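Residue numbers (the working numbering): 885 to 1190.
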């Protein structure tokens, strides 16, 4: 009956601290991955954990390609309706693995300047794709940040949809400190995330640390939690709220929010009109309307996979 049905789905949106605890995985990376641990806290939520704790989750060559494989799969996976990203160990990420990556970038090959540059551009575009796949994935991505989030970590979180952090978290746009302008997303996305261009400029030009309270007041994160366990429970709860609603509505919303960020209001309105002329013809609309009439949450309905 209805009672039993709602019990079965309760886990979706009332994650217990125990589930959150289990999410701080003790195991290693999940094969075939060597830098990521993938788990399913509930049937419709995927947890992607940066998993090189002994290296402070520094991003090595493997990481840059594994993220692409992982998010391309999640984009296509009809079971997955929301994603939570976090970091294993003491902190979220120390950014690029300098030792590992320097060989990659500092010895470019080619017969002359033009050819070397051509090759480098190809490499940079490939690195950019590592975080762009998060944005291209139609499933909303909630990122949960504890401890440090440095350099490429900031590039990564700006590509996520919802950012949460712990009270002890700090953020640093580190690239100028290692002699380059950030090139995998921070300079393009951070100004769209934080309202203040002056603050963005200051962070990017001075490489100073920004702590949780300022991250919250500036809009980089929407919530700050006392500790990692509370944050993971919060991340799961938000993901559960998302996963319990119509995937047609949720994924259409993400895609149109990103479109609107990059286009004029008129273009955005035109895009959603064209989008919804087909998407309104979904049975999810009747199901959700029915829930509203019954004064129930849309999460009490079962929506078919997308």
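For every residue, glycine included, the Cβ atom is placed at its ideal position computed from N, Cα and C.
Given the structure is predicted, the values throughout are model-derived calculations rather than measurements.
Following the continuous beta strand (DSSP E) through residue 971, name the residue where it begins and the one where it ends. 966-971
With distances taken Cα to Cα, identify the nearest neighbour of residue 941 among 953, 961, 963, 973. 973
Ends of the alpha helix (DSSP H) at residue 955? 945-960
Cutting at 7 Å between CB atoms, please list the residues of its own chain near residue 1187, excluding the five before and the five after it. 1130, 1131, 1168, 1171
Beta carbon of residue 1046, beta carbon of residue 1122: below 8 Å? yes
Using a Cβ-Cβ cut-off of 8 Å (strictly less than) and excluding sequence neighbours within five positions of residue 1000, which residues of its own chain qualify? 992, 993, 994
When DSSP labels each residue in this structure, what does residue 930 get in the three-state scheme? strand
Pairs of beta-carbons, one from the region 1036-1054 and one from the region 1111-1121, closer than 8 Å: are there three or more? yes
Taking only three categories from DSSP, how would you classify residue 942? coil
Give the DSSP bridge partners of residue 1149, in chain order. Residue 1149 pairs with nothing; no bridge assigned.
In three-state terms, what does DSSP make of residue 1047? strand
Counting C-beta neighbours from all protein chains within 10 Å, is the total for residue 1002 16 or more, i.e. buried, or is it exposed? exposed
Ignoring anything shorter than 4 residues, give me the alpha helix (DSSP H) runs that lie fully in the region 1006-1048, in order along the chain. 1036-1041
Roughly how many angstroms separate the alpha carbons of residue 1086 and residue 1060, rounded to a whole number? 12 Å
N- and C-terminal bounds of the beta strand (DSSP E) containing residue 1056: 1054-1056
Go ahead and label residue 893 buried or exposed: buried means 16 or more other beta carbons lie within 10 angstroms of its beta carbon, across all protein chains shown. Bear in mind that the predicted position of residue 893 carries a pLDDT of just 42, short of 50, making it too unreliable to give a figure here.
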